[in-house]
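Enquirer: Here the sequence shown stands for residues 10 to 900, where the numbers follow the working numbering.
Glycine is no exception: its CB is placed at the ideal position from the N, C-alpha and C atoms.
Pasting in a structure now, in structure tokens, and then I'll have a few things to ask.
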Amino acid sequence: MPGRLTIFVICCLLTSWVQAQDVLSQRISIQIPEGSLDQALYQLITEARLNISYNNDLVEDLSVKGLVARDRPVGEILDELLRNTNIEVQVINRQILLVMVRPPPRQYTISGTVEDRLTGEPMIGANIYLPFLLTGTSTNNYGFYSVTIPEGRHRVMVSYLGYQTVIKDLILDGDVKLDISMQSDGALAVIEVTASPDSTRFQSGTPETPLDLRQMNMLPSLGGEPDLIRFASLQPGIQTGTDGFGGVHVRGGNADQNLFLLDGVPVYSPSHAVGMLSIFDSPSIRSASVYKGGFPARYGGRLSSVFDVRMKEGNNKSMQAEASLGLLSAKVALEGPIDQESSSFFISGRRTLFDPWVKSFTSYVNQEAGREGFTDYAFYDINGKMNFRSGNNHRFYVSLYTGNDSYHSEEARSVRFSGLAVNDKAQSDLVWGNTIVAFRWNWLLHPQWFLNTTVHSSSFRFSLLDFYEYEETDQDIRNRQFDLTSFSSLIQDLSLKTAGEYHPTTNHTIRFGASLARHRFQPGVLALDENSIDGDLFVRNGRVQNLDSLPAYPVIQSLEADAFVEDQIQFSPSWSANVGLYANYFYVQETGYVSLQPRLFLRYQPRETFGIHVSYAVMTQNLHLLTNSGLGLPTDLWVPVTGNIRPLQANQIEAGMTFAFDKGWEGNLSAYSKEMEHLLGFKDGANFLVNGNVIQGGILPGYWEDFVTTGTGRSRGIEVGLSKTAGRWSSSLAYTLASTTRQLDEVNSGRTFPFRYDRRHVLNLTGQWQINKGLSLSSVWTYSTGNPITLPLQTFNGESPYYTGIPGIIYSERNGYRMRDYHRLDITLQYRYSQGRFSHLFEVGVFNLYNRRNPLFVKIRENIYNPQERQLVEVSLMPILPILRYQIKFQ
């Protein structure tokens with residue numbers, strides 16, 4: 010029966026359409042003089058014998074020009090008579106009806122900001138959903154949103170992870186400014202790692218991975234120090250070196266291929282303690298997101314990833330303070346209004362506390378080993394921010410970050426046997442840090458137009474002094490050897506950037522922008538030994554001196570200009586895309602490089618619980634990080650491209666899916682392929698030290714280019730993420746299966762070799778149990794394949810191509826050996842409670858619970874009794890360690 014009814018309806022519709030076409034296709038000849046439309050229609054009715062119905066008021070006061078038609082269809086004649094009117098033709102049962110065209114509904118814009126009700130902090134990425142229209146949008150990095158929709162009755166639903174959903178009903182008959190304040194749900198129970206279906210459907214349309222800061226603060230951390238980069242490394246495709254040393258590596262990229270943004274300003278060195286911790290102090294972070302592929306066109310300058318970190322703006326409602334104490338550092342933060350609800354400030358600081366104990370402990374260890382000396386290390390961070398609102402359309406921001414690491418180590422040892430006195434001394438000094446000052450201006454030009462202008466000045470400084478002296482005396486014979494190397498690097502940036510957003514409709518956002526930057530690079534190196542002519546000028550009585558008398562290293566200046574346009578559009582409830590182009594011009598040493606970098610992200614989501622996507626991105630990088638190929642302290646120097654060394658480039662293709670099941674299961678699966686060109690590396694056996702004489706000068710093309718080689722890289726992988734939430738339990742799994750290789754022309758005889766951080770398997774498991782309202786237990790287990798390394802096999806007498814008077818070393822095939830697999834279990838217990846306006850957190854746990862001795866690197870150790878004898882020693886640094894933290898908040 011239903012089938013017959015369907016056939017009947019279709020037949021009726023076809024009959025009606027055929028009849029309409031038959032009437033309008035009737036051909037006639039007629040001559041209509043200039044006059045009123047009413048008279049013209051009457052003539053057409055009488056002469057052509059047509060059945061035309063209309064309301065006289067519809068054609069009143071309308072006129073037509075003369076018309077002569079010879080054997081033309083009726084439909085064409087009516088179209089010409091009704092041109093430039095609001096009248097359309099309809100046919101019902103061979104009767105022609107003239108009706109007024111209903112004008113489309115007027116479009117109006119709802120815009121505003123979404124903020125935290127308690128603090129006034131803007132909510133980044135809050136979801137704005139319109140259920141009557143099945144569409145929506147999300148707030149930008151400043152909490153602003155804009156939706157343009159038809160007039161009439163509407164419902165607006167605003168949601169954000171960890172906050173109560175806000176629902177507003179309104180009748181739209183004009184542009185509306187609707188600011189939303191959201192109340193935290195205050196839940197300590199289960200950390201939800203999923204978004205609601207409504208918000209998931211209308212995400213930003215980009216492969217952004219938001220980092221859940223609440224979860225970061227509840228998982229185990231080194232020494233009780235929640236860290237953003239360590240937390241991010243639990244995601245598929247993101248890894249660090251062993252225990253954090255060696256930087257961040259995303260989908261087979263080098264450590265210098267990650268763009269770290271602090272309030273939109275690039276940070277060159279995002280780490281403390283050579284990678285153990287990041288500079289992003291947890292109390293100062295408002296939001297953080299990571300991009301691993303399919304990069305939107307508004308980002309550029311690095312090949313492998315973007316870490317977009319936003320600082321807190323400051324509570325504009327009331328004063329709020331926070332302090333915490335862990336094993337590694339102490340932190341304080343203070344925020345509050347300057348002028349109630351129109352301006353606020355935020356300031357925080359962090360400093361290590363363990364340096365006095367480190368100095369005393371290392372002094373004791375050296376003394377027990379028959380040596381003199383100690384090690385001292387400390388770091389600090391300072392964050393500050395102020396914002397001022399001027400009217401409803403302008404807001405100004407001033408922000409500051411400064412941080413510094415300082416490491417010093419010295420040792421001295423004396424041994425006497427068989428009339429031979431042997432003395433050796435070693436000294437190492439390492440200092441690095443960042444300073445950023447930025448001014449921002451947000452301007453709401455129109456409910457659909459948003460503009461952000463930023464001026465910033467930043468600097469990165471790095472210096473290393475490494476000194477070793479060996480002396481042996483046999484009666485009247487004295488043999489003295491020493492090596493002194495000094496590296497320094499200074500980068501200073503001054504930049505102006507303007508970026509805008511235009512929201513023509515709810516489903517369409519156009520972003521655009523341009524920037525201009527001046528870069529100043531001042532890298533340099535000093536290397537000398539006992540054979541150097543001026544060696545005694547800088548080394549005397551076992552002490553380094555007079556380095557300050559050296560002239561300043563030369564400066565390399567460069568200019569960089571960028572522009573981008575990005576179109577984000579929702580074609581339908583299921584289809585969305587983000588298409589863009591990033592253009593870059595880099596000028597250095599009378600050489601200019603132009604690059605055009607297309608970006609594409611296409612998403613299809615047929616159901617709320619399932620979506621697939623594909624993406625393609627071209628990325629270019631104009632900076633190189635030169636890393637000493639030897640072991641020991643890091644000797645990383647940033648240098649720009651030159652006339653001979655081209656910019657790095659990467660092409661990445663990705664396909665993936667997201668899915669959700671019943672009972673709290675969610676997951677994602679991605680596969681990617683990345684090709685990298687113009688990668689830079691030192692030739693086999695080469696590094697900054699080119700001979701045994703004094704080298705004093707900048708790292709200029711004539712110096713370092715002869716010792717590097719270029720090549721390609723390839724990375725392919727599959728990434729899997731799963732999460733499960735059930736009552737008081739939540740857990741997650743992140744697995745990466747990947748292969749990453751390098752091919753450099755003058756390394757490993759030009760043959761392809763594994764990347765230094767090529768790990769075939771990486772697995773991270775997390776689990777959380779909310780025992781009761783205040784007590785929670787969390788754990789993390791991580792596993793990865795061991796790093797590939799290059800082993801020195803033997804030495805030979807003679808000169809190497811890069812050193813004179815130094816025995817050569819024969820190495821194994823590049824990265825031909827692998828260290829043992831890495832795995833570690835961390836566990837922590839947290840207790841939270843509130844009392845009045847104070848809230849407290851106590852945390853106790855264990856890092857590396859079963860004391861796995863994971864190898865950090867393999868080093869060469871000389872036998873003091875026989876300097877020609879060398880041993881390979883596997884070094885592990887992070888044994889079982891306690892986790893302790895106390896935190897107090899006032900609000």
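Taking the alpha carbon of G665 as the reference point, which residue from Y625, A57, P219, F521 has its own alpha carbon closest?
Expert: Here the question's residue 665 lines up with position 656 in the sequence shown. Comparing Cα positions, the closest option is Y625.
Enquirer: Given a cut-off of 7 Å, decide if R126 and S190 are closer than it, judged by their beta-carbon atoms.
Expert: Within the sequence shown, the letter at position 181 stands for residue 190. Within the sequence shown, the letter at position 117 stands for residue 126. In this structure, R126 lies closer than 7 Å to S190 by Cβ.
Enquirer: Report yes or no: do the region 127-144 and the region 559-572 share at least 3 C-beta pairs separated by less than 8 Å?
Expert: Output reads no: the region 559-572 does not touch the region 127-144.
Enquirer: On the DSSP bridge assignment, give the partners of T251 in chain order.
Expert: For the purposes of this step, residue 251 is taken as residue 242 along the sequence shown, with counting starting at 1. Beta-bridge pairing links T251 to no other residue.
Enquirer: Measure the CB-CB distance between Y831 and N860 and report whether it falls below 7 Å.
Expert: As a working mapping, residue 831 is identified with position 822 in the sequence shown. As a working mapping, residue 860 is identified with position 851 in the sequence shown. Taking 7 Å as the Cβ cut-off, Y831 and N860 do not qualify as a contacting pair.
Enquirer: In the DSSP assignment, find the beta strand (DSSP E) that holds R360 and state where it starts and stops.
Expert: Locating residue 360 in the sequence shown gives position 351, counting from the first residue. Run containing R360: 352-361, per the beta strand (DSSP E) assignment.
Enquirer: Tell me the DSSP secondary structure of Q52 in three-state form.
Expert: Looking up residue 52 in the sequence shown gives position 43. Note: Q52 maps to helix in three-state DSSP.
Enquirer: Return the bridge partner residues of Y613 from the DSSP annotation.
Expert: In the sequence shown, counting from the first residue as 1, residue 613 sits at position 604. In DSSP, Y613 forms a bridge with W584, I621.
Enquirer: In three-state terms, what does DSSP make of S427?
Expert: In the sequence shown, residue 427 corresponds to position 418, counting from 1. Of the three classes helix, strand and coil, the one that applies to S427 here is coil, per DSSP.
Enquirer: Ignoring anything shorter than 3 residues, give me the beta strand (DSSP E) runs that lie fully in the region 459-530, in order along the chain.
Expert: Listed in chain order, they are 486-514, 517-530.
Enquirer: Determine which residues share a DSSP beta bridge with V32 and list them.
Expert: In the sequence shown, the residue the question calls residue 32 occupies position 23. Per DSSP, none; premise fails for V32.
Enquirer: Go ahead and pull the three-state DSSP assignment for M225.
Expert: Translated into positions along the sequence shown, residue 225 becomes position 216. The answer is helix: DSSP assigns M225 an H, G or I state.
Enquirer: Under 8 Å, with one C-beta from each stretch per pair, do the region 314-330 and the region 269-282 reach the 3-pair mark?
Expert: Because the criterion of three Cβ pairs below 8 Å is met, the region 314-330 and the region 269-282 touch.
Enquirer: Can you tell me which residues form a DSSP beta bridge with G134?
Expert: The residue you call residue 134 lines up with position 125 of the sequence shown. The partner list for G134 (beta bridge, DSSP) is empty, contrary to what the question assumes.
Enquirer: Based on DSSP bridge pairs, tell me the residues matched to W647.
Expert: Taking the sequence shown and counting its residues from 1, one reaches residue 647 at position 638. The partner list for W647 (beta bridge, DSSP) reads L634.
Enquirer: Checking the sheet assignment: what are the DSSP bridge partners for I798?
Expert: As a first step, residue 798 is located in the sequence shown; it is residue number 789 there, counting from the start. DSSP lists Y826 as partners of I798.
Enquirer: Three-state secondary structure (DSSP) at F866?
Expert: On the sequence shown, residue 866 is found 857 positions in, with the first residue counted as 1. Strand, per DSSP.
Enquirer: Are G9 and Y117 close, meaning C-beta to C-beta below 7 Å?
Expert: Because residue 9 is not part of the residues shown, which for the chain are 10 to 900, the question remains open.
Enquirer: Could you tell me the boundaries of the beta strand (DSSP E) in which V257 lies?
Expert: Residue mapping note: residue 257 aligns to position 248 of the sequence shown, counting from 1. Note, V257: beta strand (DSSP E), 257-259.
Enquirer: Let's test the definition: count the other Cβ atoms within 10 Å of the Cβ of F388 and tell me whether it reaches 16, buried, or not, exposed.
Expert: Along the sequence shown, read from residue 1 onward, the residue named residue 388 stands at position 379. When all chains shown are included, F388 counts as buried.
Enquirer: Between F459, D47, Y562, which lies nearest to S72 when the distance is taken from Cα to Cα?
Expert: As a working note, residue 72 is residue 63 in the sequence shown. Closest option to S72, Cα to Cα, is D47.
Enquirer: Pull up the distance between the alpha-carbon of I708 and that of I654, whole angstroms please.
Expert: The sequence position of residue 708 within the sequence shown is 699, counting from 1. The sequence position of residue 654 within the sequence shown is 645, counting from 1. Unreliable placement is indicated for I708, whose pLDDT of 45 sits below 50; the coordinate value is still reported in the next sentence. Those two C-alpha atoms are separated by around 13 Å.
Enquirer: In angstroms with no decimal places, state the Cα-to-Cα distance between Y149 and V789.
Expert: Looking up residue 149 in the sequence shown gives position 140. Looking up residue 789 in the sequence shown gives position 780. The residue you asked about is not Tyr; residue 149 is Asn in the sequence shown. Roughly 32 Å separates the two Cα atoms.
Enquirer: Beta-carbon within less than 6 Å of Y416's beta-carbon, same chain only, minus the 5 sequence neighbours each way: which residues are those?
Expert: For the purposes of this step, residue 416 is identified with residue 407 of the sequence shown, where counting begins at 1. Contacts found: Y386, L439.
Enquirer: Would you decide whether M109 is buried or exposed? Buried here means 16 or more other CB atoms lie within 10 Å of its CB.
Expert: The residue given as residue 109 occupies position 100 in the sequence shown. Per the 10 Å Cβ criterion, exposed.
Enquirer: If you draw a straight line from the alpha carbon of A264 to that of V729, how long is it in whole angstroms?
Expert: Against the sequence shown, residue 264 aligns to sequence position 255. Against the sequence shown, residue 729 aligns to sequence position 720. If I take the Cα positions, the gap works out to 23 Å.
Enquirer: Taking one C-beta from the region 343-362 and one from the region 250-265 each time, how about it: are there three or more such pairs within less than 8 Å?
Expert: Short answer: they don't touch.
Enquirer: To the nearest angstrom, report how far apart T77 and A57 are at their CA atoms.
Expert: The residue given as residue 77 occupies position 68 in the sequence shown. The residue given as residue 57 occupies position 48 in the sequence shown. For the record, residue 77 in the displayed sequence is Val; it is not Thr. Cα to Cα, V77 sits roughly 14 Å from A57.
Enquirer: Taking 6 Å as the limit between beta carbons, can you name the residues of its chain near N677, skipping five residues before and five after?
Expert: As a working note, residue 677 is residue 668 in the sequence shown. Around N677: T667, G730.
Enquirer: From which residue to which residue does the alpha helix (DSSP H) around G121 run?
Expert: Within the sequence shown, the letter at position 112 stands for residue 121. G121 -> not in any alpha helix (DSSP H); beta strand (DSSP E) instead, spanning 116-125.
Enquirer: Hey, could you find the ends of the beta strand (DSSP E) S732 is sitting in?
Expert: One-based indexing of the sequence shown puts residue 732 at position 723. Start and end: 717-735.
Enquirer: If I follow the unbroken alpha helix (DSSP H) through K368, where does it start and stop?
Expert: Residue mapping note: residue 368 aligns to position 359 of the sequence shown, counting from 1. Note, K368: alpha helix (DSSP H), 364-377.
Enquirer: Between S242, G400, T462, T494, which lies nearest to A435 when the distance is taken from Cα to Cα?
Expert: Numbered from its first residue, the sequence shown carries residue 435 at position 426. Nearest option by C-alpha distance: T494.
Enquirer: Let me check understanding here. Comparing Cα to Cα, which of P365, G345, N325 lies closest to S338?
Expert: As a working mapping, residue 338 is identified with position 329 in the sequence shown. Selected option, being the one with the closest Cα: P365.
Enquirer: Tell me whether Q266 sits in a helix, a strand or coil according to DSSP, three-state version.
Expert: In the sequence shown, the residue the question calls residue 266 occupies position 257. Helix at Q266.
Enquirer: Sort N401, L784, G720, R725 by Cα distance to R760 and report the nearest one.
Expert: Within the sequence shown, residue 760 is the residue found at index 751, counting from 1. It is G720 whose Cα lies nearest to the Cα of R760.
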